[in-house]
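Going down the list, the sequences are from chains L, E and G.
Every letter in the first sequence is one number past the one before it in my numbering, and letter 98, counting from 1, is 98.
Every letter in the second sequence is one number past the one before it in my numbering, and letter 2, counting from 1, is 1002.
Every letter in the third sequence is one number past the one before it in my numbering, and letter 199, counting from 1, is 2199.
Beneath this line is the structure, given in structure tokens, with notes to follow.
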Amino acid sequence: MTDDILSFEEAMEKYDPVLGFEVHVELNTATKMFDAAPNAFGDEANTNITPVSLGLPGVLPVVNGKAVESAIKLGLALGCDIAPVSHFARKNYFYPDTPKNFQTSQFDEPIAENGSIDIELEDGTVFTIDIERAHMEEDAGKLTHKGGAAGRIQGADFSLVDYNRSGVPLIEIVTRPIVGAGERSPELARAYVAAIREIVKNLGISDARMERGNVRCDANVSLMPKGTTEFGTRSETKNVNSLRSVERAVRYEIQRHAAVLDAGEKVVQETRHWHEDTRSTTSGRPKSDADDYRYFPEPDLVPVVTDAEWIERLRAELPEPPAERRRRLKADWGFSDEEFRDVVNAGAMDVIEETIAAGAPAAVARKWWMGEIARIAKEREVELTDTGATAQTVLELNKLIEAKKINDKIARQVLGFVIDGEGEPAEIVEKRGLAVVSDDGALTTAIDEALAAMPDVADKIRAGKVQAAGAIVGQVMKATRGQADAGRVRELILEKLGVEG
Amino acid sequence: MSAITSEQVAHLAMLAHIEMTEEELASMAAELDVIVDSVKSVSDAVSADIPATSHPIPLQNVFREDVVGETLTAEEALSGAPDAEDGKFKVPAILDED
Amino acid sequence: MNNMLTLTAAEIAEKLTAGELTSVEVTQAFIDRIIATDGEALDADNRAAGKNGVNAYLHLNAEEALAVAKSVDEDRAAGKELPALAGVPIAVKDLIVTKGQPTTAASRMLEGWMSPYDGTVTQKVREARMPMLGKTNLDEFAMGSTTEHSAFGVTRNPWSLDRTPGGSSGGTLAALAAFQAPLALGTDTGGSVRQPAAFTGTVGMKPTYGSISRYGVIAMASSLDQVGPCARTVLDTALLHEVIAGHDPKDSTSLQTPVGSFADAARAGAAEGGLQGLRVGVIKELSGEGFQPGVLARFNESLELLKSAGAEIVEVSLPSVKEAIGAYYLIMSSEVSSNLAKYDGVRFGLRKLPEEGNVTIERVMGASRAAGFGAEAKRRIILGTYALSAGYYDAYYGSAQKVRTLIQRDYAKAFEVADVLVSPTAPTTAYKLGEKTKGDPMAMYMGDIATVPTNLAGVPSISLPGGLADEDGLPVGIQFTAPAHEDERLYRAGAGLEALLTEKWGGPLHQQMPDLETLIRDFNFEGAK
Chain L
1 MTDDILSFEE
11 AMEKYDPVLG
21 FEVHVELNTA
31 TKMFDAAPNA
41 FGDEANTNIT
51 PVSLGLPGVL
61 PVVNGKAVES
71 AIKLGLALGC
81 DIAPVSHFAR
91 KNYFYPDTPK
101 NFQTSQFDEP
111 IAENGSIDIE
121 LEDGTVFTID
131 IERAHMEEDA
141 GKLTHKGGAA
151 GRIQGADFSL
161 VDYNRSGVPL
171 IEIVTRPIVG
181 AGERSPELAR
191 AYVAAIREIV
201 KNLGISDARM
211 ERGNVRCDAN
221 VSLMPKGTTE
231 FGTRSETKNV
241 NSLRSVERAV
251 RYEIQRHAAV
261 LDAGEKVVQE
271 TRHWHEDTRS
281 TTSGRPKSDA
291 DDYRYFPEPD
301 LVPVVTDAEW
311 IERLRAELPE
321 PPAERRRRLK
331 ADWGFSDEEF
341 RDVVNAGAMD
351 VIEETIAAGA
361 PAAVARKWWM
371 GEIARIAKER
381 EVELTDTGAT
391 AQTVLELNKL
401 IEAKKINDKI
411 ARQVLGFVID
421 GEGEPAEIVE
431 KRGLAVVSDD
441 GALTTAIDEA
451 LAAMPDVADK
461 IRAGKVQAAG
471 AIVGQVMKAT
481 RGQADAGRVR
491 ELILEKLGVE
501 G
Chain E
1001 MSAITSEQVA
1011 HLAMLAHIEM
1021 TEEELASMAA
1031 ELDVIVDSVK
1041 SVSDAVSADI
1051 PATSHPIPLQ
1061 NVFREDVVGE
1071 TLTAEEALSG
1081 APDAEDGKFK
1091 VPAILDED
Chain G
2001 MNNMLTLTAA
2011 EIAEKLTAGE
2021 LTSVEVTQAF
2031 IDRIIATDGE
2041 ALDADNRAAG
2051 KNGVNAYLHL
2061 NAEEALAVAK
2071 SVDEDRAAGK
2081 ELPALAGVPI
2091 AVKDLIVTKG
2101 QPTTAASRML
2111 EGWMSPYDGT
2121 VTQKVREARM
2131 PMLGKTNLDE
2141 FAMGSTTEHS
2151 AFGVTRNPWS
2161 LDRTPGGSSG
2171 GTLAALAAFQ
2181 APLALGTDTG
2191 GSVRQPAAFT
2201 GTVGMKPTYG
2211 SISRYGVIAM
2221 ASSLDQVGPC
2231 ARTVLDTALL
2241 HEVIAGHDPK
2251 DSTSLQTPVG
2261 SFADAARAGA
2271 AEGGLQGLRV
2281 GVIKELSGEG
2291 FQPGVLARFN
2301 ESLELLKSAG
2311 AEIVEVSLPS
2321 VKEAIGAYYL
2331 IMSSEVSSNL
2341 AKYDGVRFGL
2351 RKLPEEGNVT
2361 IERVMGASRA
2371 AGFGAEAKRR
2381 IILGTYALSA
2391 GYYDAYYGSA
2401 QKVRTLIQRD
2411 YAKAFEVADV
2421 LVSPTAPTTA
2431 YKLGEKTKGD
2441 PMAMYMGDIA
2451 TVPTNLAGVP
2461 SISLPGGLAD
2471 EDGLPVGIQF
2481 TAPAHEDERL
2491 YRAGAGLEAL
2501 LTEKWGGPLH
2511 QQMPDLETLI
2521 RDFNFEGAK
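Structure below.
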């Protein structure tokens, strides 16, 4: 069954969306949240487990100290208050991927509360998103559904459970309701999740690979008729696991809610599942009183108590926040707003920073990474840094150009050879004999031949039409197969014809 | 007249995932009523200013080093499994569909 | 009865060291005794004869126990250094996981389950080179005060086979009383070693919460559970306590404090003048109304003995204990409802398919849990689910946690004027089989009134035999309680009183015990009628 949807434009004319996000971040600790099993992806099923991660009778949890420090760092990076006393709690519900049939989580005393982050959209508009809390918990195992179509839970005859992921440390970041984003809502959703991903990656606390489920987003959407302030009933779209999907799912849910409200019906409070193939959501489970999680303080764990000394030590370890870093780099490099935004959107900021640090001028680094390298990356459908070009490549190419060993055109060819794995630029120039022809004797012969072939052009130059020299330069470049320094050729032509340049 | 109804117990049994017959629900409701009646005085015995004690001996910040320890083999993990396939625990269908 | 069986663990250890006995001889003697007196489920011939016995054991571990005994004897003969209790056999409550032996928690849910790992106390017992005789019976998942809630048959009280041994560690303490083991491990959540110790004339200790690792002890109520060393004498209990205590990084609630010198404290208490100046607080609320006259008579007799030995008797009050049973049942059942959720037929244990309708995992879980848990387990799971559910949490669980604070304050106040507190362990002597399992569930719960407050407060407490009640000739328990971390005081006071009583009786209490083999013969003859 497909739901009716309204066009996004019409939805925006009639309603104001309210958003909310729960983002789960898997930490990259060596071990799990509550036991010493490895936190590793992709291993043989049911091998990264101890009796604790399998929830065998008699086992007890012990908190991973590094995971707690990661959580505190993330809290600080999100501008949160770190709780002086924080407790773990049990969230009770039955599901076969949850070995104890409760999730060890945090309830009324999370490790971090009351933060906010600024989210910059592509055109530079900034939205401030308030963070309600960030708390520590554990991941569940992985279910594979069998016997149905395409591994879906619907129609499956049975399921298989692998508990390798069970107990992997998670931090759940919960926003306060986000009001006022209007038509920018889908874009903001994407930018928010991208920002969280960037922050946790920058902190080094998560691999932040969305395709592996390291960062997972549950998106809450509700609508208010224009001019009203009371929140509508929300839907919660679960596990939207790519940036593109987040944007699309929020957009879809806005359109779906609008159609429901337009038809005079009520939005059902429920979880929704996002399907990338059909670009739509389907109904999951309605909220019911079965969602009585009976939270209570985890008796097997003791409180986490923080003090200023500990928090300040961790704060001192924090890397520069991504947004601040961007501001600093933009100013340092002297790029225009547009230039810098292009760099960020192309994912070229890190590599350009590295290239500049290696000694290349900012404009040169940008020229190469945003120009020829970006072109090749696009052509080959790979990331910039996966092309095989490095900061060192750019630096060497630039040195060769500055030394007038090669010109720009040849440099682009050399880059191609570097990417094809032929070696370093200088080596390639040498091996392939691509160095600029700087022997004036050889050039003079070529110029003489060109002037003899085009006497009328030579006359024009002599008569003072200096710009006509271009035709002769072109002829000389052709004769030298591009290996001449065009500037030097021009000088020699003018010299020969006795004209001031 | 029992203050706790069979319907209430049915809801609790649903939360606790224990199938119960009508007779079990009824007798459990009656027993629960007696017990709750005897224990409910705890809420009158305390006031808002008394802190709750969740752990009898107060401890704090008990952490583990982030170092991998001994793990179970898949064979050990599955040794008690009622049903297994391909090194994984096998469970019946999750959704109730016709 | 073989003379070896009545030796204390301290005596067995001495004789092993002196070469007067071998561990194989001793271990074999206990195995023979178990087969002769336990009756059910252990020996094929006894079973075939339809013979009923104590039924203290769920699993006999004869082969492994004898192998350990043999290796200890060999090492001793080779002059190797051995731990103090090496070669002294021990029984283990079947709530503690043991690699290589089944662990059932006396539940259908875990019938046939073999743990792939050892609990910390199990490991410590192995390191101490003590042969494990087997796994002892209990109320299912330790929930009950009679051992009648075992899925594998009731345990009978060796003093009187138509009585319960108490519970939940009924099998553990009955095995000691029946001379089927010199030492045993129980667990105590609300009196589960102390009350059966009282009912069987043995010694049960509930240490300070966190002083013995709970890793590998199947959880009933995590904030209340504690492993309890048990024996027939206070000194033996102290010796075993030293073996199993100590910090464990696998248990977040495990204390860092060093292990006390429990055996030294017991020896000091039993020595001349050992009780001199000890301030003993008699708990007003737990020594009068509602207690059986024969229990109070023995209790008052102990007070007189303590006084005569130079102890100072003072009266103390724990006004909040009247709410202790309520708070205990709310907290315990809440934790139970969550701790027992893992038994769902997915990873281990019983799986049962629904008898009709679609086979979904939800329904398989529901059917498995319906079939796997007994009535008392279900009752507590449902009560705990209720106490934690939305709208009731504050009134029930929340209030119970506050009562806990009040009880702790009461104890703190009492310990300002007393070094140890004393009361009878239980209001009555052992219940008749069936007496507490029918009708009002509160009737059984109220029997725990004297023991549950210490679990709520986390403080240590010990029960030792105080003699026999005049009206029924059954054992009465005397309970001492000390402040947290002061377990040594209990060994001092307990061993002191034990020495006075033993002198008064002209020997240990078990000398007044009827001959078990005769009881079993008569009981089976009666039973056949």
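Note that CB positions come from ideal geometry on N, CA and C, so glycine has one too.
Cβ of glutamine 1060 (chain E) within 7 Å of any chain L Cβ: Judged by the 7 Å Cβ criterion, glutamine 1060 (chain E) is in contact with chain L.
Reduced DSSP category for histidine 2485 (chain G) - H, G, I as helix; E, B as strand; rest coil: It is coil, neither helix nor strand.
Through-space distance from leucine 2224 (chain G) to glycine 2384 (chain G), alpha-carbon basis: If I take the Cα positions, the gap works out to 15 Å.
Among L:Ala308, L:Thr237, L:Ala259, nearest to glutamate 276 (chain L) - alpha-carbon criterion: Checking every option, the nearest Cα to that of glutamate 276 (chain L) belongs to L:Thr237.
Where serine 105 (chain L) sits in the DSSP three-state scheme: Correct three-state label for serine 105 (chain L): strand.
Buried/exposed call for methionine 2001 (chain G), threshold 16 Cβ in 10 Å: Label assigned to methionine 2001 (chain G): exposed.
Within-7 Å CB hit, glycine 1087 (chain E) to chain G: No - not a single Cβ of chain G is within 7 Å of the one on glycine 1087 (chain E).
Residues from the segment 2451-2470 of chain G in contact with chain E, defined by Cβ distance under 9 Å: Answer in chain order: Asn2455, Leu2456, Ala2457, Gly2458, Val2459.
Segment limits, alpha helix (DSSP H) that includes glutamine 2226 (chain G): Per DSSP, glutamine 2226 (chain G) lies in no alpha helix (DSSP H); the unbroken beta strand (DSSP E) holding it starts and ends at 2226-2231.
Residue from L:Asp300, L:Phe41, L:Arg375, L:Lys266 with nearest C-alpha to glycine 2216 (chain G): Of the listed residues, the one whose Cα sits closest to glycine 2216 (chain G) is L:Asp300.
Cut-off 8 Å between Cβ atoms - residues of its own chain near arginine 2279 (chain G), not counting five sequence neighbours on either side: Around arginine 2279 (chain G), the same chain offers Ala2311, Glu2312, Val2314, Val2417, Ala2418, Asp2419, Val2420 as residues with beta carbons nearer than 8 Å, after the five sequence neighbours per side are excluded.
Residues sharing a beta bridge with glycine 2568 (chain G), DSSP: One cannot answer for residue 2568 (chain G) here, as it falls past the ends of chain G, which runs 2001 to 2529.
Close beta carbons around serine 2211 (chain G), own chain, < 6 Å, minus the five adjacent residues each side: Only Ala2245, Leu2255 meet the Cβ criterion.
Serine 222 (chain L) - partner residues in DSSP beta bridges: According to DSSP, serine 222 (chain L) bridges with L:Val18.
Cutoff 7 Å: glycine 148 (chain L) Cβ touching any chain G Cβ: Interface annotation, glycine 148 (chain L): not in contact with chain G, CB-CB separation never under 7 Å.
Backbone CA spacing between methionine 2332 (chain G) and tyrosine 293 (chain L) [nearest angstrom]: About 18 Å.
Meets three-Cβ-pair contact criterion under 8 Å: the segment 2343-2356 of chain G and the segment 105-115 of chain L: Not touching, per the Cβ criterion.
is_contact[serine 2211 (chain G), chain L] using C-beta, thresh 7 Å: By the rule that beta-carbons nearer than 7 Å mark a contact, serine 2211 (chain G) does not touch chain L.
Span separating the alpha-carbon of leucine 2516 (chain G) from that of alanine 2178 (chain G): Cα to Cα, the separation comes out at about 7 Å.
Under the three-state DSSP convention, the category alanine 2041 (chain G) falls into: Confidence in alanine 2041 (chain G) is poor, its pLDDT being 46 and thus under 50, which makes the residue's placement unreliable; the coordinate value appears in the next sentence. Three-state DSSP puts alanine 2041 (chain G) in coil, outside helix and strand.
Helix, strand or coil at lysine 431 (chain L) [DSSP, three-state]: Here lysine 431 (chain L) sits in helix by DSSP.
Residues that serine 1054 (chain E) contacts on chain G, provided the C-beta gap is smaller than 7 Å: Those are Ser2223, Gln2401, listed as they occur along chain G.
Beta-carbon proximity of glycine 2017 (chain G) to proline 1092 (chain E), cut-off 7 Å: Reading off the sequence shown, one finds threonine at residue 2017 (chain G), where the question assumed glycine. Not closer than 7 Å, so no.
Span separating the alpha-carbon of alanine 1045 (chain E) from that of proline 1058 (chain E): Straight through space, the alpha carbons of proline 1058 (chain E) and alanine 1045 (chain E) are spaced by roughly 23 Å.
Simplified DSSP state of valine 2403 (chain G), which is helix, strand or coil: Three-state result, valine 2403 (chain G): helix.
is_contact[serine 1038 (chain E), chain G] using C-beta, thresh 7 Å: Yes - at least one Cβ of chain G is within 7 Å of the one on serine 1038 (chain E).
Valine 267 (chain L) beta carbon less than 7 Å from that of valine 193 (chain L): It is not a contact, given that the beta carbons lie outside the stated cut-off.
Whole-angstrom C-beta distance between leucine 2318 (chain G) and proline 2483 (chain G), which should lie under 8 Å: Incorrect: roughly 13 Å between the Cβ atoms, too far for contact.
Strand pairing of arginine 2163 (chain G), partner residues [DSSP]: Partner(s): G:Lys2432.
Pair within 7 Å by beta-carbon distance, glutamate 377 (chain L) and threonine 387 (chain L): Note that residue 377 (chain L) corresponds to alanine in the displayed sequence, not to glutamate. Closer than 7 Å, so yes.
Beta-carbon proximity list for arginine 279 (chain L), same chain, < 6 Å, skipping 5 on both sides: So the qualifying residues of the chain are Arg248.
Burial state of glutamine 2195 (chain G) (16 or more Cβ within 10 Å): By the Cβ-count criterion, glutamine 2195 (chain G) is buried, with 16 or more other Cβ atoms from all chains shown falling within 10 Å of its own Cβ.
Rounded separation between leucine 6 (chain L) and leucine 2110 (chain G) - CA only: Those two C-alpha atoms are separated by around 56 Å.
Below-7 Å beta-carbon distance, methionine 1001 (chain E) vs any chain G residue: A caution first: methionine 1001 (chain E) carries a pLDDT of 37, below 50, which makes its placement in the model unreliable, though a value can still be read off. It does not; no Cβ of chain G falls within 7 Å.
Test item: CB-CB of serine 1038 (chain E) and methionine 2143 (chain G) under 7 Å: With respect to the 7 Å criterion, serine 1038 (chain E) and methionine 2143 (chain G) are not classified as neighbours on the basis of their beta carbons.
Residue closest to asparagine 2455 (chain G), alpha-carbon to alpha-carbon, out of E:Gln1008, E:Gln1060, E:Ser1054: Minimum Cα distance to asparagine 2455 (chain G) is reached at E:Ser1054.
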